[in-house]
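A.B. asks:
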Amino acid sequence: MSVAGRLQGRRILVTGASADSAIGLGICRELAQEGASLVLMGRRQEPLEQTRADIAGPERHTVEVMDLADLDAIATRMKAIAAAGVLHGMVHSASFQGYSPLSRINAEQFDRYFHVNVAAPLMLAKGLRQKGVCEEGGSIVLIGSVAGLRGQKARSLYAASKAALVSLTQSLALELADKSIRVNCLAPAVVQGPKADEQFQLLAEAQRQALLQAHPLGLVRPVDIAKAATFLLGSDSAWITGATLPVDGGYLAG
Ligand SMILES: NC(=O)c1ccc[n+]([C@@H]2O[C@H](COP(=O)([O-])OP(=O)(O)OC[C@H]3O[C@@H](n4cnc5c(N)ncnc54)[C@H](OP(=O)(O)O)[C@@H]3O)[C@@H](O)[C@H]2O)c1
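Using this note's numbering, you'd call the opening residue of the sequence shown number 60 and step up by one each time.
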């Protein structure tokens with residue numbers, strides 16, 4: 060059956076694709092709807108299978124169980140993935156998130172944030188640049204956060220890791236330009252879903268209201284990030300690289 064859409068015929072790796080990530084699932088739904096064939100990556104098979112069953116054209120997609128903390132294994136795995144079909148891009152949505160008040164920071168925590176949020180996308184980009192892994196004209200989309208662009212109390216590790224992603228986006232864009240691979244970053248503010256619900260549970264009513272009011276258009280919906288990712292993966296953004304685009308309902312405008 061032929062598939063129409065802006066990403067028709069493109070094979071895209073999506074990390075953090077587990078069905079219990081509202082953002083990962085939202086991205087996969089949209090990319091699949093636009094005709095892409097997806098490689099769904101995460102550490103747990105079952106939630107990845109759930110995503111595959113949920114999105115358009117399940118038969119076009121494959122599931123790839125991998126722990127991205129195993130940095131040295133990433134390039135080899137990318138070769139193996141490409142052996143089954145060359146890639147046209149990647150969305151790195153997997154992350155380690157949480158609060159890290161100064162009083163509780165230790166070296167292990169530092170590693171957990173920076174392995175998945177910074178080192179993994181670096182190694183994924185390295186994997187993608189290997190011969191035969193990604194087509195010319197490919198596109199990498201890294202999911203950052205407004206926390207990387209504005210300070211957030213008690214989130215210094217998460218925020219610093221997402222700020223590093225902004226820098227990585229620029230340097231990787233320069234380094235991969237000679238292979239015609241573009242690299243961009245999306246910076247969402249608070250996204251509707253279970254994670255936001257958990258965050259709101261921790262806040263007092265006044266803090267909840269302040270956080271809601273910091274989003275003039277309202278909280279971000281997963282589909283807003285998914286649409287922006289589709290744009291950055293497709294040919295409509297062919298001359299955009301090295302950019303970080305807030306998808307934040309106006310959070311950074313205030
Ligand atoms: N939620 C928000 O409000 C918000 C706001 C701004 C930005 N963001 C960003 O948006 C992205 C998605 O956020 P999210 O809250 O939906 O998801 P998330 O929980 O941060 O991560 C998504 C998935 O990544 C996978 N993952 C985590 N560590 C991994 C590892 N070592 N190896 C492979 N996969 C791993 C997990 O699936 P498995 O357990 O199956 O591996 C997890 O379900 C993240 O980059 C986040 O920082 C989120």
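For glycine and all other residues, C-beta sits at the position ideal for the given N, C-alpha and C.
Just so we're clear, the structure is a prediction, and the values are computed from it rather than from any experiment.
What residue range does the beta strand (DSSP E) around residue 148 cover?
C.D. replies: From DSSP, the beta strand (DSSP E) with residue 148 extends over 146–151.
A.B. asks: Taking all protein chains shown into account, do 16 or more other C-beta atoms lie within 10 angstroms of the C-beta of residue 306, making it buried, or fewer, making it exposed?
C.D. replies: Buried, since its Cβ has 16 or more Cβ neighbours within 10 Å.
A.B. asks: Mind listing, in chain order, the continuous beta strand (DSSP E) runs of no fewer than 3 residues lying wholly within the region 188–250?
C.D. replies: Whole beta strand (DSSP E) segments, 3+ residues: 193–202 and 241–247.
A.B. asks: Tell me whether the region 269–282 and the region 133–141 touch, counting them as touching only if at least three CB pairs, one residue from each stretch, are closer than 8 Å.
C.D. replies: Too few Cβ pairs lie closer than 8 Å, so no.
A.B. asks: My output table needs one value for residue 133: the three-state DSSP class, helix, strand or coil.
C.D. replies: Three-state result, residue 133: helix.
A.B. asks: For the alpha helix (DSSP H) holding residue 289, just list the boundary residues, first then last.
C.D. replies: Segment 281–292, the alpha helix (DSSP H) holding residue 289.
A.B. asks: Are residue 198 and residue 144 closer than 8 Å when you measure CB to CB?
C.D. replies: No, the pair does not count as a contact, with Cβ atoms beyond the cut-off.
A.B. asks: Which residues in the same chain have their Cβ closer than 6 Å to the Cβ of residue 290, if we skip the five residues on either side of it in sequence?
C.D. replies: Once the five neighbours on either side are set aside, the close Cβ partners of residue 290 are 296.
A.B. asks: Could you tell me the distance, in whole angstroms, from the CA atom of residue 272 to the CA atom of residue 248?
C.D. replies: Each residue's alpha carbon lies about 12 Å from the other.
A.B. asks: By the DSSP assignment, the alpha helix (DSSP H) with residue 308 in it spans what residues?
C.D. replies: Note, residue 308: premise wrong, no alpha helix (DSSP H); not H, not E.
A.B. asks: Rank 237, 159, 124 and 228 by C-alpha distance to the C-alpha of residue 245 and give the top, closest one.
C.D. replies: The shortest C-alpha separation from residue 245 is found at 228.
A.B. asks: Closer than 8 Å is the cut-off here; do at least three beta carbon pairs connect the region 97–104 with the region 208–228?
C.D. replies: Not touching, per the Cβ criterion.
A.B. asks: Would you check if the distance between the CB atom of residue 91 and the CB atom of residue 68 is smaller than 8 Å?
C.D. replies: No, the Cβ-Cβ distance between residue 91 and residue 68 is not below 8 Å.
A.B. asks: Please return the same chain residues whose Cβ sits closer than 7 Å to the Cβ of residue 106, not counting the five positions on each side in sequence.
C.D. replies: If we look at residue 106 and ignore the five residues flanking it on each side, its Cβ neighbours are 77, 78 and 79.
A.B. asks: Tell me, please, whether the region 174–186 touches the region 209–225 by the rule of three or more beta-carbon pairs shorter than 8 Å.
C.D. replies: Touching, yes.
A.B. asks: Over the uninterrupted alpha helix (DSSP H) stretch that includes residue 82, give me the two end residues.
C.D. replies: Its alpha helix (DSSP H) spans residues 81–92.
A.B. asks: What I want to know is whether the C-beta of residue 102 ends up closer than 7 Å to one or more non-hydrogen atoms of ligand 3.
C.D. replies: No copy of ligand 3 appears in this structure; the ligands present are ligand 1.
A.B. asks: Can you determine whether any heavy atom of ligand 1 sits closer than 7 Å to the C-beta of residue 181, and answer yes or no?
C.D. replies: No; taking the cut-off as 7 Å, the Cβ of residue 181 has no heavy atom of ligand 1 nearer than that.
A.B. asks: What span of residues does the beta strand (DSSP E) with residue 110 cover, start to end?
C.D. replies: Residue 110 -> not in any beta strand (DSSP E); alpha helix (DSSP H) instead, spanning 104–113.
A.B. asks: Under the criterion of a Cβ to heavy atom distance below 7 Å, does residue 127 qualify as lining ligand 1?
C.D. replies: Yes, since a heavy atom of ligand 1 falls inside the 7 Å radius drawn around the Cβ of residue 127.
A.B. asks: Could you check whether residue 186 and residue 137 sit closer than 8 Å to each other, using their CB atoms as the reference points?
C.D. replies: The answer is yes: Cβ separation under 8 Å.
A.B. asks: Taking the alpha helix (DSSP H) that residue 70 belongs to, which residues open and close that run?
C.D. replies: Element bounds for residue 70: not the alpha helix (DSSP H) but the beta strand (DSSP E), 70–74.
A.B. asks: For residue 189, tell me which candidate among 208, 234 and 202 has the shortest Cα-Cα distance.
C.D. replies: Selected option, being the one with the closest Cα: 234.
A.B. asks: Buried or exposed: residue 243, going by 16 or more other Cβ atoms within 10 Å of its Cβ?
C.D. replies: Classification for residue 243: buried.
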